[in-house]
Amino acid sequence: MSASHGSANASFHAIEWHHQSLRLLDQRVLPHEHKVHEYTTASAVADAIRDMVVRGAPAIGIAAAYGYALDALAGRDLQAAYKVLAESRPTAVNLFWALERMAGIGSDDPHALVAEARRIHEEDIAANLAMGQFGASVIGENAVIYTHCNTGALATGGHGTALGVIRSAYADNKVTQVYAGETRPWLQGARLTAWELMQDNIPVSLVCDGAAAQLFKREKVDWVIVGADRITANGDVANKIGTYSLAVLAKHHGINVMVVAPTTTFDPSLASGDDIPIEQRPQEEVTSLFGHPVAPAGCKAINPSFDVTPAGLIDVIATEKGLIMQPDAESVALLLAR
Ligand code: MRU
Numbered sequence: 075m076s077a078s079h080g081s082a083n084a085s086f087h088a089i090e091w092h093h094q095s096l097r098l099l100d101q102r103v104l105p106h107e108h109k110v111h112e113y114t115t116a117s118a119v120a121d122a123i124r125d126m127v128v129r130g131a132p133a134i135g136i137a138a139a140y141g142y143a144l145d146a147l148a149g150r151d152l153q154a155a156y157k158v159l160a161e162s163r164p165t166a167v168n169l170f171w172a173l174e175r176m177a178g179i180g181s182d183d184p185h186a187l188v189a190e191a192r193r194i195h196e197e198d199i200a201a202n203l204a205m206g207q208f209g210a211s212v213i214g215e216n217a218v219i220y221t222h223c224n225t226g227a228l229a230t231g232g233h234g235t236a237l238g239v240i241r242s243a244y245a246d247n248k249v250t251q252v253y254a255g256e257t258r259p260w261l262q263g264a265r266l267t268a269w270e271l272m273q274d275n276i277p278v279s280l281v282c283d284g285a286a287a288q289l290f291k292r293e294k295v296d297w298v299i300v301g302a303d304r305i306t307a308n309g310d311v312a313n314k315i316g317t318y319s320l321a322v323l324a325k326h327h328g329i330n331v332m333v334v335a336p337t338t339t340f341d342p343s344l345a346s347g348d349d350i351p352i353e354q355r356p357q358e359e360v361t362s363l364f365g366h367p368v369a370p371a372g373c374k375a376i377n378p379s380f381d382v383t384p385a386g387l388i389d390v391i392a393t394e395k396g397l398i399m400q401p402d403a404e405s406v407a408l409l410l411a412r
């Protein structure tokens, strides 16, 4: 199965089921190196998720589903596979949703489980294309869009969430300029988003995260469009660290904020964003860059990988089921019940 449809002319597969193994494009070394690794066990897939060979909420859910199927193929203990995969990263609920769906098959038949993982993958691509259309429908002409992290074909089954809306709106001739925040410390914006947009010839300029306020004040920016790792019952959104700052800045400057996520990213079991577990990643991601120290030896750092944007700062959430305008507990519940 060829898996990742970045766009009509996508040149890469972020996640690919190949015969009886899983192939992942190593996102740690993009865009300058293209390495593909092959996986045959759930525990190796869990390591790949933890180390961010594969990243982005929907993508790690898909990878976990395939990881679970790999252990079924090898006749290994599926409860252990579930556990090791569930412990890989804590914030994106898509991971747990995908594992629940795999376990819900209620069988250790490898053929049924591989088929279910493939369905999860294909459904995510379809959801991305639908969200792209819904999200693009509210964007006006000559739009200038600021985005954060990477939410494209690399982070999903294909097309992308926020980047999918940008792709769809660009195809509708509505987008004149995209700004990609570099997204320290892991540089998803600089390394991955700029790369994906440039491959599609969508005009993109990279921005240091700290430059957003000045950009919002001085230049025309119509939308901040981002993805999500978990959306709670009241519409609060956990996403890449820095998203909350952008939403506050957008509110101050009268810029619209759109969150784009499939319904697999919603966690109605949590009342608000205060309950979302926030991943703390190693200090070294902050104190060094590509293995080179940038801070004094022994310098301490904190590295929360996600933050929570309150629903009140969000104008619209685009999902594959439709749009939630001015999200709150009622509008979220109504959409999920569709
Ligand atoms: O740490 P990452 O790179 O996995 O974080 C990814 C994000 O925060 C994305 O914005 C989110 O998963 C939505 S992507 C479709």
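Our numbering puts the sequence shown at residues 75 to 412.
Just so you know, even glycine gets a beta-carbon here, dropped at the ideal spot from N, CA and C.
Computed from a predicted structure; not experimentally measured.
- Query: From this set, N247, E196, H222, L237, which residue's C-alpha is nearest E215's C-alpha?
  - Reply: N247
- Query: How big is the Cα-Cα spacing for G255 and S362?
  - Reply: 19 Å
- Run the CB neighbour count on L237, radius 10 Å, all protein chains shown included, and call it buried at 16 or more, exposed below. buried
- Item | Best match in H87, P132, H108 for proximity to A335 [C-alpha to C-alpha] | P132
- Message: Give me the residue from V239, L397, E404, I179 with the minimum Cα distance to A146.
- Response: I179
- Task: Could you check what DSSP says for S319 in three-state terms: helix, strand or coil?
- Result: helix
- Task: Quick one: using the 10 Å Cβ neighbour count with 16 as the cut-off for buried, is V278 buried or exposed?
- Result: buried
- Query: Taking Cβ to Cβ, would you say T102 is nearer than 9 Å to V127?
  - Reply: As written in the sequence, residue 102 is Arg, which differs from the Thr given in the question. A contact, by the Cβ cut-off of 9 Å.
- Message: Contact between the segment 104-114 and the segment 192-208 is defined here as three or more beta-carbon pairs at a separation below 8 Å; is this criterion met?
- Response: no
- Distance, Cα to Cα, H195 vs R292? 41 Å
- Message: Suppose contacts are defined by Cβ-Cβ distances below 9 Å. Is K88 in contact with L228 by that definition?
- Response: One point to set straight first is that residue 88 is Ala, not Lys, in the sequence displayed. Cβ distance < 9 Å, so A88 and L228 count as in contact.
- Task: Could you tell me which of A148, R258, Y220 sits nearest to N377, measuring between CA atoms?
- Result: R258
- Quick one: Cα of Y140 to Cα of A177, how far? 12 Å
- Query: In three-state terms, what does DSSP make of N202?
  - Reply: helix
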